[in-house]
Amino acid sequence: YRNVQTYRGTYKEYRLEVKRIEVTDPRTDLKLVSHKLFIKGSLHKSRHSGVNFSKFTYSEMMEEIENLCEVLKLNPVHLKIDNIEIGLNIDVPFKPYPFLEKSLLMFTNRPFTSNEPGLDGKILGFSCSKTEYKVKIYDKGLQYGLHSNILRFELKYHKMKALKKFGIKTLSDLLDMDKMKGLFVLLE
47 YRNVQTYRGT
57 YKEYRLEVKR
67 IEVTDPRTDL
77 KLVSHKLFIK
87 GSLHKSRHSG
97 VNFSKFTYSE
107 MMEEIENLCE
117 VLKLNPVHLK
127 IDNIEIGLNI
137 DVPFKPYPFL
147 EKSLLMFTNR
157 PFTSNEPGLD
167 GKILGFSCSK
177 TEYKVKIYDK
187 GLQYGLHSNI
197 LRFELKYHKM
207 KALKKFGIKT
217 LSDLLDMDKM
227 KGLFVLLE
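Per our numbering, the very first residue in the sequence shown carries number 47; after that it's consecutive.
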């Protein structure tokens, strides 16, 4: 017998979900109870009040991780990362979307496709899906209605296998600059 209860809440820009899992052994009637916590959200957005077009330094990321773990009484060594986005915001002297629309062709022999329109009907950019990650490139200024021309280049890893070679498995690994250097190389 297995019973799962789910509790949801928020902290800052994070969505929290706790699953209480109760398993009963039918032979012995022994009950085992475990809990799993899922944290969804952006360190960058949480640090900057819900937006991620501004600069986000490594020291700010470290402070955000430490704050999150302190408030929720968690050890980052025990917090497994299931997916991660890494990216760059680049100020450019031109409007990013028209440039991308005319210039973007392929990434490793795969074509870029237009992103789905947002709630406002605007298409911000393009993406290219690979097995373990997606390359996204879009107009961050347009996304936030800014007068700035900000080009966003992003790698969205939905499988962590590709990052294990850098030793990135838990939230504590993001506090290790030597491990983070591997992620920085991916953006070159």
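The C-beta atom is built at its ideal place from N, Cα and C for all residues, glycine as well.
Secondary structure note for D224: its alpha helix (DSSP H) is the uninterrupted segment 223-232. V97 carries a coil assignment under DSSP once its states are collapsed to helix, strand and coil.
Short of 8 Å from the beta carbon of Y60, and not among the five residues preceding or following it, lie these beta carbons of its own chain, in chain order: I85, K86, G87, S92, L114.
Residue pairing of K86 in beta bridges, as defined by DSSP: R61. Beta-bridge partners assigned by DSSP to T216: K126. The Cβ atoms of E63 and L83 sit closer than 9 Å to each other. By a beta-carbon distance limit of 8 Å, K141 contacts N195. Their separation comes to about 6 Å. The Cβ neighbour count for G133, taken over all protein chains shown within 10 Å, is at least 16; the residue is labelled buried.
Taking C-beta atoms under 8 Å as the contact rule, M223 and K215 fail to qualify, at a distance of about 16 Å. When DSSP reads this structure, M152 sits in a beta bridge with P157.
Pairing T52 with V138, the inter-Cα distance amounts to about 45 Å. Rounded to the nearest whole angstrom, the C-alpha separation of V117 and L146 is 41 Å. Between Y184 and R198, the gap from beta carbon to beta carbon is short of 9 Å.
In this structure, S160 sits near G171, with a CB-CB distance shorter than 9 Å.
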